Amino acid sequence: MPTLSTLFDTFSDNLALYKKNCTGHFMCPLCLRTFPRDRIRTDLSKAHIIPKRLGGRLWTLACKKCNSKVGTEIESCEAERAKFSWALSGDGNETTRVRVTARNQQGDVVGPVQADLGARRADGDRRLQLYLKPKGSNPKALALLNSLVSGGPPASGTPRT
Ligand SMILES: [Zn+2]
-12 MPTLSTLFDT FSDNLALYKK NCTGHFMCPL CLRTFPRDRI RTDLSKAHII PKRLGGRLWT
48 LACKKCNSKV GTEIESCEAE RAKFSWALSG DGNETTRVRV TARNQQGDVV GPVQADLGAR
108 RADGDRRLQL YLKPKGSNPK ALALLNSLVS GGPPASGTPR T
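Using our numbering, count along the sequence shown one by one with no gaps and you end on 148.
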């Protein structure tokens, strides 16, 4: 894993090739502000070019302000989207937590159901899997959804898990 100093030197040398007045500086690729070497520890941080949660292994530097903003506003959303996509693809063992709103045949909301959604490949088909979670679910909605998923009549009493 490269150090802050190594990354600074690499990118600073590259920047100096194109902008002579920036020799000895690093330019944040996100906000384009420049930072001298003595600001490495206070203003810069290492950043994955592709988020680590998506398998990224290459590093760059970014200013701490941009790195934090990208991490919280973009990477977390992108990682969640990718996790959802992987869960639905059936190409792994990924599941993602979803909240399903169960409605009766009249379209009235019965209540929320928590579930883990995933897919599995079998016989050349992708089969969606819904793992119902009693915790955090409305019991009537859970019974309704459980009966629909299993193909039987709505269960009465304690829903199946
Ligand atoms: Zn920046």
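C-beta atoms are modelled at their ideal positions from N, C-alpha and C, and glycine is treated no differently.
The model shown is predicted, which means the values in this text are computed figures rather than measured ones.
Checklist entry - Hey, out of Ala89, Lys51, His35 and Arg20, whose CA is closest to arginine 44's CA? => result In the sequence shown, counting from the first residue as 1, residue 44 sits at position 57. Per the Cα distances, His35.
Item to check | Spatial neighbours of leucine 119 in its chain, beta-carbon cut-off 7 Å, leaving aside the 5 residues before and after | outcome: Position 132 of the sequence shown, counted from the start, is the residue given in the question as residue 119. Val100, Ala102, Leu129, Leu132, Asn133 and Thr148, listed in sequence order.
Next on the checklist: Does the distance between the C-beta of lysine 33 and the nearest non-hydrogen atom of ligand 1 fall short of 7 Å?
Outcome noted: Here the question's residue 33 lines up with position 46 in the sequence shown. Not one heavy atom of ligand 1 sits closer than 7 Å to the Cβ of lysine 33.
Checklist entry - Say the cut is 7 Å; is the CB of arginine 20 nearer than that to a heavy atom of ligand 1? => result Residue mapping note: residue 20 aligns to position 33 of the sequence shown, counting from 1. Closer than 7 Å to some heavy atom of ligand 1: that describes the Cβ of arginine 20.
Checklist entry - In terms of alpha-carbon separation, which member of Ser32, Leu41, Pro23 and Leu4 lies closest to leucine -9? => result Numbered from its first residue, the sequence shown carries residue -9 at position 4. Check the Cα spacing between leucine -9 and each of Ser32, Leu41, Pro23 and Leu4: the tightest is with Ser32.
Checklist entry - Under three-state DSSP, which class holds proline 126? => result Numbered from 1 along the sequence shown, position 139 holds the residue referred to as residue 126. In the structure shown, proline 126 sits in a helix (DSSP, three-state: H, G or I).
Next on the checklist: Please tell me whether glycine 98 and lysine 127 are closer than 8 Å, where the distance is taken between their beta carbons.
Outcome noted: In the sequence shown, residue 98 corresponds to position 111, counting from 1. In the sequence shown, residue 127 corresponds to position 140, counting from 1. Between glycine 98 and lysine 127, the C-beta spacing is below 8 Å.
Item to check | Exposure of methionine 14, with buried meaning 16 or more beta-carbon neighbours within 10 Å | outcome: As a position in the sequence shown, residue 14 is number 27, starting the count at 1. When all chains shown are included, methionine 14 counts as buried.
Checklist entry - Does DSSP put arginine 108 in a helix, a strand or coil? => result Counted from its first residue, the sequence shown places residue 108 at position 121. Reduced to three states, the DSSP call for arginine 108 is strand.
Checklist entry - Are the beta-carbon atoms of proline 38 and alanine 66 separated by less than 8 Å? => result Counting from 1 along the sequence shown, the entry for residue 38 is found at position 51. Counting from 1 along the sequence shown, the entry for residue 66 is found at position 79. Going by C-beta atoms, proline 38 is nearer than 8 Å to alanine 66.
Next on the checklist: Residues in the same chain with beta-carbon distance under 7 Å from phenylalanine 71, minus the five sequence neighbours each way, listed in chain order, please.
Outcome noted: For the purposes of this step, residue 71 is identified with residue 84 of the sequence shown, where counting begins at 1. Around phenylalanine 71: Thr83.
Checklist entry - Where does arginine 114 fall in DSSP's three states? => result Stepping through the sequence shown from its first residue, residue 114 is reached at position 127. Reduced to three states, the DSSP call for arginine 114 is strand.
Next on the checklist: For glycine 144 and glycine 123, what's the separation of their Cα atoms in angstroms?
Outcome noted: Looking up residue 144 in the sequence shown gives position 157. Looking up residue 123 in the sequence shown gives position 136. Reliability fails at glycine 144, whose pLDDT of 41 lies under 50, so the model's placement of it is uncertain and the value that follows must be treated cautiously. Near 17 Å, if we compare the C-alpha coordinates of glycine 123 and glycine 144.
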